[in-house]
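Here the working numbering runs 137 ahead of the position in the sequence shown, where the first position is 1. Every residue gets a Cβ at the ideal spot worked out from N, C-alpha and C, and that includes glycine. What follows is one structure encoded as structure tokens, with my remarks underneath.
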Amino acid sequence: MPKTTRIPQPILLAAILLALIVRCDVTVLTEDPSDSPYRTKHFTIYSDSPYFGPDDLELVGMRKEYLLGRINEYLGTRYDRMIEVFITDTTVNSHVHLTEQVWEHTDYVLVDDGHEIAHVVSFQEWGYCQSSIIKEGIAVAASVPVDGSSTLQRFRSTLAGARCGGADIDNDMYELRKDITNNAWDGTWWEYMRAGAFVQFLREQFGMDAVKAWYQSCVGTSPGNAGDSFRTVFGVRLDDAIARFKTELVGTPRT
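See the structure below:
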């Protein structure tokens, strides 16, 4: 994940509570949060941080269950196994292994939008995709920001500001094509957002089953297969899809 910024803990806890109040279908907690490790229905949570007391772990557990439910809904999956979460000051931001384990820095865990959980679900349910833009785009698109906005909405707004600053959207679409056909992935924040927005666009245009098929076309194959399999999966040329994506982002030019 891209680097995150420390936000005052009371504000984060209030935001998490607000998100959970909006959606009341949160799994009932299964253990006392003062126990170590702390367990919910789908998560075993370990913490070596002195900043996380029982109340904090309870909120973390509730948030994780909420995120998993939303991610299953978005991806059309039925993931129903345990995920281990390790909260520590000794890791960088957040990352996931190919196993069902997530490491999260204390600065990141309370702003978690489910990105790493989405990785766990997609890797375990669909296999490990070799294409960076697809696997990261899936995780970004399926994530659940506290403000409720979609990746496509956020990228459209960000892109509008960048264009006012002189950014070249045609070059940006060229870079998107390179990410797909050459796996030219640098892992910048902008790439993450663009990948998520493109996956969201494909889901809206063609459905999640088609996005899943594209993802799985790069399981056990070369990352470059993402470009080769695109037309077979979606029934349109990659360049035509990118052109439609550009129009979705900036609108149809007036003549």
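The beta carbon of residue 238 sits closer than 6 Å to the beta carbons of 221 from its chain, once the five residues preceding and following it are set aside; these are given in chain order. The beta strand (DSSP E) runs lying completely inside the stretch 209-288 and spanning 3 residues or more are 220-225, 231-233 and 238-242, given in chain order. Linking residue 357 to residue 190 through their CA atoms gives a straight-line distance of about 42 Å.
In this structure, residue 352 places its C-beta atom within 8 Å of the C-beta atom of residue 259. Between residue 268 and residue 320, the C-beta gap is smaller than 8 Å, which places the two residues in contact.
One Cα belongs to residue 371, the other to residue 264, and the distance between them is close to 20 Å.
Cβ neighbours of residue 292 within its own chain (closer than 8 Å, five residues either side excluded): 330, 331, 333, 334 and 386.
A direct Cα-Cα distance of roughly 13 Å separates residue 360 from residue 273.
Going by DSSP, residue 382 is part of the alpha helix (DSSP H) stretching over 375-387.
Under DSSP, no beta-bridge partner is assigned to residue 294.
250 is the residue among 210, 312 and 250 whose C-alpha sits nearest the C-alpha of residue 201. Separation of the CB atoms of residue 375 and residue 388 is rounded to 22 Å, and the pair is thereby denied contact status at 8 Å. Membership of residue 329 in the alpha helix (DSSP H) is indicated by the continuous run 326-343. With respect to residue 255, residue 270 sits apart: the two C-beta atoms are not nearer than 8 Å. As computed with DSSP, residue 186 is found in no beta bridge at all. Only residues of its own chain outside the window of five on either side were considered, and among them 337 have a CB closer than 7 Å to the CB of residue 287, listed in chain order. The beta-carbon distance between residue 252 and residue 280, rounded to whole angstroms, is 5 Å. This is short enough to meet the 8 Å contact definition.
Here residue 317 is buried. Its C-beta has 16 or more other C-beta atoms within 10 Å. In this structure, DSSP gives residue 358 a state outside helix and strand, which the three-state scheme calls coil. The Cβ-Cβ distance between residue 214 and residue 185 does not fall below 8 Å.
Check the Cα spacing between residue 308 and each of 366, 380 and 245: the tightest is with 380. Its Cα nearest to that of residue 180, the residue 219 stands out among 219, 232, 373 and 243. Burial check for residue 188: the Cβ neighbour count within 10 Å stays below 16, so the residue is exposed. As computed with DSSP, residue 180 is found in a beta bridge with 220. In summary, residue 311 is exposed, with fewer than 16 beta-carbon neighbours lying within 10 Å of its beta-carbon over all protein chains present.
Taking the C-beta atoms as reference points, residue 340 is found nearer than 8 Å to residue 278.
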